[in-house]
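Sequential numbering from 1000 applies to the sequence shown in the working numbering. By construction, the Cβ of each residue, glycine as well, lies at the ideal position given by its N, Cα and C atoms. See structure below.
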Amino acid sequence: MAIPFVPFCPPFVPACEICVELPRPLVAFFLSAGAILCIMAKQGAPTTHTRHVRRNIMQIVKKGTALLLAVLLLCALTLSGCGAAKIEAGDYTGSVRFNHPMELESAGMDGTATVETVEDWGMDVVITVDEDGIIWNISYTTFSQEWDGGPTYDEAAGTLTFPVKVTNTGSVASKTVVELYCEQPYTAGGVEKAKVVLVGYDKTSTLEPGASETVTITVNKDELASYDYKNEGCYVLDAGSYTFYSELGANGSQCWAAQDGSVLSQSFELAGEVYDESNPRSTDQVAAVNQFDDVTAGDGSYSADDYMTRADFAGTFPVANLERSATASDEVMATILDANRGAQIPEDDATLTMPVTGDTSIATYCEDLVGLPCDDPKWDELLNRLTVDEMVTLTGACGWQNPSIASIKKKACIDMDGAEGLHDLVNGTSLNMYNSSVVTASTWNTDLAYAMGSVYGDECTTQNVTGMYGFSMNTHRSPFGGRNFEYYSEDGLLAGYTAAAQTSGLQSKGIAVYTKHFAVNDQETNRAGVHTWLNEQAMREIYLRPYEICVKNSTFEYSDVLTGASGIMTAYSAIGTSWTSASYALCTTVLRDEWGFMGRVITDAAGTDGYNVGNAAVRAGTDMFLCPTGAAGRYTELTTGTAAGVAALREACKHQLFVYVNSAGIGSTTQYNTAWVAIPVAVSVVLLLVCVVLFFKLVKPAFFPKKNSLTVE
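Structural data, given as structure tokens:
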């Protein structure tokens, strides 16, 4: 998350995400230039004698160069993360199954099934490569698999169970992942489907040579459904034969084509089912039905008829147009430029009455709500105490913290950037750096991911951090994605369960986790306000899938009433015409109504861009603005002076407070002063002006003297 309203950052501030907007070497340049010009000023005005001018210039260059190098060195030290890790002596075993395939460039290894090579590690490394030179797996040993009793289908429960017995057939103790894929019935012209999809996985414990273990993978039948946005407008399970493939990382999504006997397969005949309003999937609170028809329709430069189809890959596969200049329709442009900047929110309910505010007659405080469900009457007593101004502060001033509110005895809490390690803009905190999410996903080990999250939570506790901006779950759509290192995988199921495990680990220590960047965020450069168009099937089955899994499967052991994921961070981008934070379909209908989300929704860093429409965002279901300078100008009278607006503010406060009282936030003792954020801006502007003035006063006359201004001895 970048901070567009802070243009410069002094180099002595530890690495922060301001650097996304302005690299620190450029900052160092301005500071160095200012220092050099100060030295020049100290030398005095240019002399009229040529040799004195040259002597002064050389002194300036020498001193200035030394100072420039010193400042740049300081900048470099600031940017670098210096540290060392102690590794104890001993034997380590493990395996890596890439979360998407990698090409092997060595010609000598292309086209082989497995390659064994002895390197300095002192043991065989088994690298599985397919005939196209694609690496699928790296391990220190080999494994075999067989059905342990055979797969079963419990029609009453709607579950399919696959017990797989795995045996270590090599000479080194190690682990392996068991991956389960499903090939679904496909009809040309019907609902689009991939050849196979990953539907489950699990990892063995460490197996000694010759040892075996049975791994059991259970699949909910509902999760095999595909989204039909064209006809039924909901998830559907087509009737027919469903073939499941179990494999150990040697084939991946090519398991259906394996001919060497390494892949197990089993087929089941399943009856068709439509999951409409009267028949939601078992994991949904209400049925998932079409919510994004306007996005599916396209921006006018293309339509819903232009999407790629499996029935005609050759004829519909997108062709790159390097000179593309898309022109949106007049209707789409009018929506983007309307008063709500394209936000998709319901009309205000004209029958609403103004909610109670500022009523302190009943002494109910945050501490009294701990452990109470969100529908307990005491919540109204607490919310009634809030004034409109307090609600504006509570929802609008949430940059790297959420503020204290005296009337309800709410303490301020620290929220901090995370994902790969705690680092903070406001107080300079920069702690342990963990491996990237790509590496975590490549372990295919949810137990390990949970353990990492738990340790991360302990670290948060030591710093009195009660909220973490992460984990990041956008999809590896392109290798050019600017934040791919922070995202798990190109597969939503793998990303979702890995993130759910890490999130649960953190939440076990009471830390609120803001999963980001919700949703369909695909680029880093120019991401602010970019409009993304796609069909609803792709949105739900690919881009929303990891968030759905994380929300539904995360645990919050710290609390008995708060379940699932505790937070979501939206994206800078827009889905269709609507900024993600101002999409009611995304932030309320899908997230809360369908998935049962109970946490709080925060924006990515909210600047002064025109699309940051506060009135629409709070009505759409956004609860907090990540804005360190407060909520001034965030809302207008449409929110603070209307019944619908105040009701939306009240609901946003409730969402935030529900997480606060049921997390480590209730015990917070630290508050940040974010007023200093404006200081580097002011200092930078003054420095820049000084540099300009001194250049014209001192530098230019020294190097470009006026004619006849020098005398010769």
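8 angstroms Cβ shell around Val1612 - same chain, five flanking residues per side excluded: Against the sequence shown, residue 1612 aligns to sequence position 613. If we look at Val1612 and ignore the five residues flanking it on each side, its Cβ neighbours are Asn1339, Arg1340, Ala1342, Trp1578 and Ala1581.
What would DSSP say about Val1176, mapped onto helix, strand or coil? The residue labelled residue 1176 in the question sits at position 177 within the sequence shown. Val1176 falls in the strand class under three-state DSSP.
Starting from Leu1263, follow its DSSP beta bridges and name the residues at the other end. Locating residue 1263 in the sequence shown gives position 264, where the first residue counts as 1. Its beta-bridge partners are Ser1245.
Presumed contact (8 angstroms Cβ cut-off) between Glu1718 and Glu1419, rounded CB distance: As shown, the chain starts at 1000 and ends at 1712. That puts residue 1718 outside it, with no answer to give.
When the Cα atoms are used, what is the spatial distance from Val1318 to Arg1649? Locating residue 1318 in the sequence shown gives position 319, where the first residue counts as 1. Locating residue 1649 in the sequence shown gives position 650, where the first residue counts as 1. Going by the C-alpha atoms only, they are around 49 angstroms apart.
Is the Cβ-Cβ distance between Gly1620 and Tyr1583 less than 8 angstroms? Indexing the sequence shown from 1 puts residue 1620 at position 621. Indexing the sequence shown from 1 puts residue 1583 at position 584. Taking 8 angstroms as the Cβ cut-off, Gly1620 and Tyr1583 qualify as a contacting pair.
Report yes or no: do the region 1287-1297 and the region 1528-1543 share at least 3 C-beta pairs separated by less than 8 angstroms? yes
Alpha helix (DSSP H) runs contained entirely in the region 1597-1651, provided each spans 4 or more residues: Correct list: 1613-1619 and 1636-1639.
Would you identify the three-state DSSP class for Ser1662, choosing helix, strand or coil? Working through the sequence shown from its first residue, we reach residue 1662 at position 663. Looking at Ser1662 - three-state DSSP - the assignment turns out to be coil, as it is neither helix nor strand.
Would Thr1554 pass as a contact of Ser1503 if the rule is Cβ separation under 8 angstroms? Within the sequence shown, numbered from 1, the residue matching residue 1554 stands at position 555. Within the sequence shown, numbered from 1, the residue matching residue 1503 stands at position 504. Yes. Within cutoff.
Beta-carbon proximity of Ala1642 to Thr1352, cut-off 8 angstroms: Along the sequence shown, one-based indexing puts residue 1642 at 643. Along the sequence shown, one-based indexing puts residue 1352 at 353. Taking a C-beta distance under 8 angstroms as the contact criterion, Ala1642 and Thr1352 qualify as a contact pair.
Can the beta-carbon of Ser1173 be found closer than 8 angstroms to that of Thr1205? In the sequence shown, the residue the question calls residue 1173 occupies position 174. In the sequence shown, the residue the question calls residue 1205 occupies position 206. Yes; because the gap between Cβ atoms is below 8 angstroms, this pair is in contact.
Cβ-based neighbour list, Ile1541, same chain, cut-off 7 angstroms, excluding 5 preceding and 5 following: As a first step, residue 1541 must be located in the sequence shown, where it is residue number 542. Within the same chain, Ile1541 has close Cβ partners Thr1474 and Gly1491.
Segment contact, 8 angstroms Cβ cut-off, at least three pairs: the region 1592-1601 with the region 1551-1566: Contact between the region 1592-1601 and the region 1551-1566 is present, because at least three Cβ pairs lie under 8 angstroms.
By the DSSP assignment, the alpha helix (DSSP H) with Val1387 in it spans what residues? On the sequence shown, residue 1387 is found 388 positions in, with the first residue counted as 1. Counting along the chain, the alpha helix (DSSP H) containing Val1387 begins and ends at Val1387 to Gly1395.
Considering only C-alpha positions, which residue in the set Lys1515, Cys1652 and Ser1143 is nearest to Asp1259? Translated into positions along the sequence shown, residue 1259 becomes position 260. The shortest C-alpha separation from Asp1259 is found at Ser1143.
Reduced DSSP secondary structure (H/G/I, E/B, other) of Val1235: Sequence index remark: in the sequence shown, residue 1235 carries index 236 (1-based). Looking at Val1235 - three-state DSSP - the assignment turns out to be strand.
Option in Tyr1185, Asp1304, Pro1402 and Val1195 with minimal Cα separation from Cys1626: Reading the sequence shown from its first residue, position 627 is the one you call residue 1626. Of the residues Tyr1185, Asp1304, Pro1402 and Val1195, the one whose Cα lies closest to the Cα of Cys1626 is Pro1402.
Just curious, the alpha helix (DSSP H) that Phe1312 is in, first and last residue? Taking the first residue of the sequence shown as position 1, residue 1312 is located at position 313. Per DSSP, Phe1312 belongs to the alpha helix (DSSP H) from Phe1312 to Thr1315.
Range of the contiguous beta strand (DSSP E) that encloses Ile1404: Your numbering for residue 1404 matches position 405 in the sequence shown. Where Ile1404 is concerned, there is no enclosing beta strand (DSSP E), given that its DSSP letter is neither H nor E.
Using only alpha-carbon positions, find the residue among Gly1157, Val1294 and Asp1304 that is nearest to Leu1236. Sequence index remark: in the sequence shown, residue 1236 carries index 237 (1-based). For the residues Gly1157, Val1294 and Asp1304, the minimum Cα distance to Leu1236 belongs to Gly1157.
Counting beta carbon pairs with one atom in the region 1237-1251 and one in the region 1179-1186, are three or more of them shorter than 8 angstroms? yes
Please classify Pro1545: is it buried, with 16 or more other beta-carbons within 10 angstroms of its beta-carbon, or exposed? In the sequence shown, the residue the question calls residue 1545 occupies position 546. Buried.
Whole-number beta carbon distance between Tyr1468 and Gly1417, since they are thought to touch under 8 angstroms: For the purposes of this step, residue 1417 is taken as the residue at position 418 of the sequence shown. For the purposes of this step, residue 1468 is taken as the residue at position 469 of the sequence shown. Their Cβ separation, rounded to whole angstroms, is 6 angstroms, which keeps Gly1417 and Tyr1468 in contact under 8 angstroms.
Please look up how many angstroms separate the CB atoms of Asp1293 and Gly1575, rounded, as I've assumed it's under 8 angstroms. Numbered from 1 along the sequence shown, position 294 holds the residue referred to as residue 1293. Numbered from 1 along the sequence shown, position 576 holds the residue referred to as residue 1575. Between Gly1575 and Asp1293 the Cβ distance is about 5 angstroms, and since that is below 8 angstroms, they are a contact.
Endpoints, beta strand (DSSP E) assigned at Met1415: In the sequence shown, the residue the question calls residue 1415 occupies position 416. It spans Cys1412 to Asp1416 - the beta strand (DSSP E) in which Met1415 sits, taken as one unbroken run.
Just checking my contact of Leu1269 with Lys1220 at CB under 8 angstroms: how many whole Å lie between their CB atoms? To locate residue 1269, count along the sequence shown from 1; it is residue 270. To locate residue 1220, count along the sequence shown from 1; it is residue 221. The Cβ separation is near 7 angstroms, so the contact holds.
6 angstroms CB neighbourhood of Leu1590 in its chain, flanking five on each side removed: The count along the sequence shown starts at 1 and reaches residue 1590 at position 591. For Leu1590, where only same-chain residues beyond five positions count, the Cβ hits under 6 angstroms are Phe1596.
Give the DSSP-derived three-state secondary structure of Thr1569 in the structure shown. Mapped onto the sequence shown, residue 1569 falls at position 570. Note: Thr1569 maps to strand in three-state DSSP.
Where does Thr1656 land, buried or exposed, given buried means 16+ other C-beta within 10 angstroms? Residue numbering aside, residue 1656 sits at position 657 when the sequence shown is read from its first letter. Note that residue 1656 is Leu in the sequence shown here, rather than Thr. Its Cβ being crowded by 16 or more others within 10 Å, Leu1656 is buried.
Sequence-distant residues of the same chain with beta carbon closer than 8 angstroms to Leu1561, five excluded per side: Taking the first residue of the sequence shown as position 1, residue 1561 is located at position 562. So the list reads Phe1555, Met1597, Gly1598, Phe1657, Val1658, Asn1661 and Ser1662, once near-sequence residues are dropped.
With a 10 Å radius around its C-beta and 16 neighbouring C-beta atoms as the bar for buried, classify Thr1635 as buried or exposed. Translated into the one-based positions of the sequence shown, residue 1635 becomes position 636. Under this definition Thr1635 is an exposed residue.
Own chain, CB closer than 6 angstroms to Lys1410, minus 5 neighbours either side, in chain order: Locating residue 1410 in the sequence shown gives position 411, counting from the first residue. Counting only Cβ-Cβ distances below 6 angstroms, and skipping sequence neighbours, we find Ser1403 and Ser1667.
Tell me which same chain residues have a C-beta within less than 6 angstroms of the C-beta of Asp1201, skipping the five on either side of it? On the sequence shown, residue 1201 is found 202 positions in, with the first residue counted as 1. Answer for Asp1201: Val1177, Val1214 and Ile1216, listed in chain order.
Pull up the distance between the alpha-carbon of Met1432 and that of Gly1314, whole angstroms please. Residue 1432 sits at position 433 when you count from the first residue of the sequence shown. Residue 1314 sits at position 315 when you count from the first residue of the sequence shown. For Met1432 and Gly1314, the distance between alpha carbons rounds to 47 angstroms.
With DSSP as the reference, label Gly1721 as helix, strand or coil. Only positions 1000 to 1712 of the chain appear in this structure, which leaves residue 1721 out of reach.
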